[in-house]
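Top to bottom, those sequences are chains A and B.
Read in full-length UniProt numbering, the first sequence has 176 at position 176, and its numbers run on one by one without any break.
Read in full-length UniProt numbering, the second sequence has 262 at position 262, and its numbers run on one by one without any break.
There are 2 protein chains.
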Amino acid sequence: MPDFTDRLRPSQPDGPSTLAREREQSNISVDELGRHLLADNGFLERQARILPIVQREALFSKEKQQNLSRPERFKLGLARAKLLRRLADKHDWGNLDYKMAQYLVDDVSPYMLHTEMFITTVREQASKHQQAHWMPLIESWRIIGAYAQTELGHGSNVRGIELEARWETDAKEFVLHSPTLTASKWWNGSLGRIANHAIVVAQLLLPSQGSPRQYVSHGPHPFIVQIRDMKTHQPLDGVVIGDIGPKYGYVTMDNAYMLFHNFRVPHSAMLSRYASINPDTGIYTRPELPAVVYGALTYVRANIVHHARLVLARAVTVAVRYTAIRRQFHDRDGERTGPEMAVLDYSTVQIRILPLLATTFALHYTGLAMRTIYENTRNEFERGNFQTLAHMHSMSSGLKSLCTTLAADGIETCRRALGGHGFGGGSGLIQLNNDYLSKPTVEGDNWMITQQLAAYLIKKMTAAVQSPNNAAADEIDRRFKEFLSARCDPGLNLPQHDVLDSDDDIAKSFTLRATVLVFCSARFGSVGALLGVC
Amino acid sequence: MPDFTDRLRPSQPDGPSTLAREREQSNISVDELGRHLLADNGFLERQARILPIVQREALFSKEKQQNLSRPERFKLGLARAKLLRRLADKHDWGNLDYKMAQYLVDDVSPYMLHTEMFITTVREQASKHQQAHWMPLIESWRIIGAYAQTELGHGSNVRGIELEARWETDAKEFVLHSPTLTASKWWNGSLGRIANHAIVVAQLLLPSQGSPRQYVSHGPHPFIVQIRDMKTHQPLDGVVIGDIGPKYGYVTMDNAYMLFHNFRVPHSAMLSRYASINPDTGIYTRPELPAVVYGALTYVRANIVHHARLVLARAVTVAVRYTAIRRQFHDRDGERTGPEMAVLDYSTVQIRILPLLATTFALHYTGLAMRTIYENTRNEFERGNFQTLAHMHSMSSGLKSLCTTLAADGIETCRRALGGHGFGGGSGLIQLNNDYLSKPTVEGDNWMITQQLAAYLIKKMTAAVQSPNNAAADEIDRRFKEFLSARCDPGLNLPQHDVLDSDDDIAKSFTLRATVLVFCSARFGSVGALLGVC
């Protein structure tokens, strides 16, 4: 409907001219910076190749999605995810291509648990024989899998989950059974509507060696289980599945609950790369390191760390551009003529946004470092060396907490810096915030897993104090030992670090500070004894 | 559909038994505390009387509202608001009764701008003659009004709004005209769908005394304007109205944009209790104090301050109850038998939740104090005394910023303390958070209006320094003068305040600290010169 507003223009200077002038003032080469940051793994080439393909698809338009009901929004997310898979087949995309397309489409895929946790768990914890059977089915999406670990009553304390997998020696089957309501699997994504299979984590109950009628728990183990009929898609007898209802974000994810009633699965259901049961004797073989069963969680944490930079970069970009364009009030010390002051020129805006711009770069390099640690550890792991697993696990825990807190709080700081318009859908920060606010609590609550890192560091420091002559196992060890051997050396005094002029000295100071804090925590149980280091 | 899950119970100890035991351990009388906090203005009696009435209405059930589309959710909010009005008529509710019912129904009313800003502006800024005409129409809802002040380009800087109201001497009419796109009224609630009238704030343009063909702006003034046809509900010719699209929260509010094209309104449209134009001579009479035109905003800010306590109380109640029930991990120093530890017993949870419990009480007393300041000022105001207006305005600005930041950040801290379940709709914190996240930026951005308080305090301090013998005008003045006369008195030394054992001394210390900070800011332009007070 044409009306008089069609002829109206914004008051001057408008957004495009303001941004053009701001950009002219910078001597940074955007292309060069882009290559420095994102050329790794062919990110920029991949983006340039895939963007036009997804841009052509009307289904990916975001124009009306915020007005939809939850069921409609889920269906839209599902249709997009299916289209992405078809595009992947058509263009013969590899895994990184597919992930780039997902990133550009900017919607949580209902298949995410299938393509991440389900496949990763089978790849890492299934025996070669199991992998040969399952991987073709998974990769072709002939089966769709969810990851069912968290329960209504237990998330962080995985060892406390209640679902039972009782081994019946005679039938040579496991019996999955939920003894209570709090044993309900809960939050499990890709499960409520789309999965027909799931990795189900349950307490492995085996007959006691002494009295075979009694059962002993051997802790949580993963099972691969068909949960729905392949034709009717109805849950199988003895399985109940349902939607857990509305959430803060993740509106396109079918997070679900699931309970079992004496549901029988075959011996082959237990993923047996590390732990296994001899079907004839019932003898249980333990994993070399119990920690390996948490491999998929560590993978997801490392991914979250690597992802945080892109999330905060988006929020900061929105904030910088908007506050450069937005003008409000004349400078009180100026002549009060001409355009009002750009909001970005207020110190009260700069102290909020500019540190977050710097944080984005810090998150970038942290994400790359995390990825390197993960890949190196996986390589060692494939060679049968599990020594660096604890290091990777503690790094991924500490950094997952730090990076997601910085990014989540940073998005909200950016949103508020947009003033009223930050509350509007046009800001582009609403779904970003709603989805990302899951990150500080998901895959290990930030407050909880930070303590895993702390416990690890204290253990390492205690070992270094007790056995000063052992060789350093890794970089943390090396730094701890350096500190311990030199700790009463006056050369360590902080003022000798030229933190104002030397980047290296800033890093050294932070390293020393962290080491001293660990030392005091390990030795005195608190950091209050800082002055008693020597 | 009955199934095996119907027979399942939660693992023990369950929620009700845990809460019962926690409550047994407290010797605080809930009833007495409730009366102490909420008996004022008959809050508890009113709640007890109105709760059963609204509980009977199926329309107020929240069960499925989070699954609705935005248009459906708006219609539900509208239906609820109409029902509330019918209930008010049926039960002969007064204004406080009506507000209690709204609070209990816990949905943003699409009529909120009508019942708050629209009616308040007419009551405060319309002449007696205008009030006699409009108030019966407004109170009976025969007309529905919005409040159209904020524009796409200007929110905080009200003086910068672009909509023009040009006085045409010959026609004795005002011509409302939006010269640019950025002059679009924007964010105005109750406007997109339901209002047929609006308070429209526009730059008053009058012919220059010297050259009548030139116009001079006399700043923003409020006009009461019919904007839609009373029968067809279509916008009148020369008016364009539309929805501004999805928002973070306020899903039941029809926030809108509005533009005018040479739209003529009669002389009587300008609210003329303070400012007015003689229709015959065109002579403009200024308000005694220009600040009075912001009266409605101050009213809303004071209300926001008073409201924050109830919002945070709700979030803290959810967090305390949930973390008392939720158990995770056995005490590492305990025997690792029996139930796991309540999450509330972890110090990492207590340091987040318990200060917010205390903050809730602080917000409560702050809210009461704000209300008292507001009511006293309004009373003075009715007697023609505007002297305390600046005090009220600065208090409402500073406290609006402080209280909404504490409450908004507090809700999110509570939500995260619930772990994964805080991300779920069952937490009850999602709509609360989504709606409340408007508060740090709406009705004066928190970072901006805090500076209004700072400027006011610095001005007061400067006056106290320059004229030490003037009588103190208010409590702030008195404290400033006390400080100035005694500032080199060693008795002021902080250590003499027994902040660990004396509540009075804590308050005195905070007062002294605030006063010293204002003094340093006023005298040295920064607080860095703290040591140079004497």
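All residues carry an ideal CB built from backbone N, CA and C; glycine is no exception.
According to DSSP, is residue 264 of chain B helix, strand or coil? strand
Return yes when the Cβ of residue 44 of chain B is within less than 9 Å of the Cβ of residue 324 of chain B, no when it is not. no
Compute the distance between the beta-carbons of residue 220 of chain B and residue 166 of chain B, then report whether it is under 9 Å. no
Verify the contact flag: residue 200 of chain B, CB atom, against every heavy atom of the ligand MG, threshold strictly below 8 Å. What this structure holds is no ligand at all, so the ligand MG is not there to describe.
C-beta contact flag for residue 87 of chain A and residue 108 of chain A at 9 Å: no
For chain B, find out if any of its Cβ atoms is closer than 9 Å to the Cβ of residue 363 of chain A; answer yes or no. no
Reduced DSSP category for residue 508 of chain A - H, G, I as helix; E, B as strand; rest coil: helix
From A:352, A:376, A:507, pick the residue whose C-alpha is nearest to that of residue 302 of chain A; which is it? A:376
Comparing C-alpha positions only, which one of A:399, A:5, A:17 sits nearest to residue 339 of chain A? A:17
For my contact list, residue 414 of chain B and residue 356 of chain B are in at a C-beta cut-off of 8 Å; report their separation, rounded to the angstrom. 7 Å
is_contact[residue 86 of chain A, chain B] using C-beta, thresh 9 Å: no
Does residue 429 of chain B come out as helix, strand or coil in the three-state DSSP assignment? coil
Out of curiosity, what's the CA-to-CA distance linking residue 124 of chain A and residue 273 of chain A? 8 Å
Contact list for residue 383 of chain A against chain B, beta-carbon separation under 7 Å: Residues of chain B passing the Cβ test: none, with the nearest at roughly 34 Å.
Tell me whether residue 176 of chain B sits in a helix, a strand or coil according to DSSP, three-state version. strand
Taking only beta-carbon atoms, is residue 188 of chain B less than 9 Å away from chain A? no
Distance between residue 501 of chain B and residue 522 of chain A (C-alpha atoms, nearest Å): 33 Å
Can you tell me which residues form a DSSP beta bridge with residue 63 of chain A? DSSP output for residue 63 of chain A lists no bridge partner at all.
Sub-9 Å separation of residue 427 of chain A and residue 250 of chain A beta-carbons: no
Is residue 534 of chain B close to chain A, meaning its C-beta is less than 9 Å from at least one C-beta of that chain? For residue 534 of chain B, the pLDDT reaches just 48, beneath the cut-off of 50, and the residue's location in the model is therefore unreliable, although a value from the coordinates is still provided. No, residue 534 of chain B does not count as interfacial toward chain A.
Specify the secondary structure class of residue 14 of chain B as computed by DSSP and reduced to three states. coil
Span of the beta strand (DSSP E), counted from its first residue to its last, around residue 233 of chain A: Premise fails: residue 233 of chain A is in no beta strand (DSSP E) and is neither H nor E.
For residue 394 of chain A, which three-state DSSP category applies? helix
Look at the alpha carbon of residue 1 of chain A and the alpha carbon of residue 40 of chain A, and state the distance between them as a whole number of angstroms. 48 Å
Residues of chain A with a CB under 7 Å from the CB of residue 348 of chain B: which are they? 447
Since residue 134 of chain A is in the alpha helix (DSSP H), which residue starts that stretch and which ends it? 128-139
Within its chain, find whatever has a CB closer than 6 Å to the CB of residue 336 of chain B; leave out the 5 residues flanking it on each side and keep chain order. 330
Host alpha helix (DSSP H) of residue 42 of chain A (start-end): Looking at the DSSP string, residue 42 of chain A is not in any alpha helix (DSSP H), and its letter there is neither H nor E.
Secondary structure at residue 217 of chain A, three-state DSSP: helix, strand or coil? strand
Which of the three DSSP states, helix, strand or coil, is assigned to residue 54 of chain A? helix
Short of 7 Å in beta carbon distance, which residues of its chain neighbour residue 265 of chain B, apart from the five on each side in sequence? Order them along the chain. 173, 174, 176, 223, 225
Kindly indicate the opening and closing residues of the alpha helix (DSSP H) around residue 86 of chain A. 70-90
At a CB distance below 8 Å, what residues from the UniProt domain "Acyl-coenzyme A oxidase N-terminal" (30-144) of chain B approach chain A? Give them in sequence order. 66, 67, 68, 69, 70, 71, 72
For residue 358 of chain A, does the count of other Cβ atoms within 10 angstroms reach 16, so buried, or fall short, so exposed? exposed
For a contact meaning CB atoms closer than 7 Å, what does residue 355 of chain B contact in chain A? Going along chain A, no residue has its Cβ under 7 Å from residue 355 of chain B, so there is no contact; the nearest lies around 15 Å.
Using a Cβ distance threshold of 8 Å, determine whether the segment 394-412 of chain A contacts the segment 307-326 of chain A, with at least three qualifying pairs required. yes
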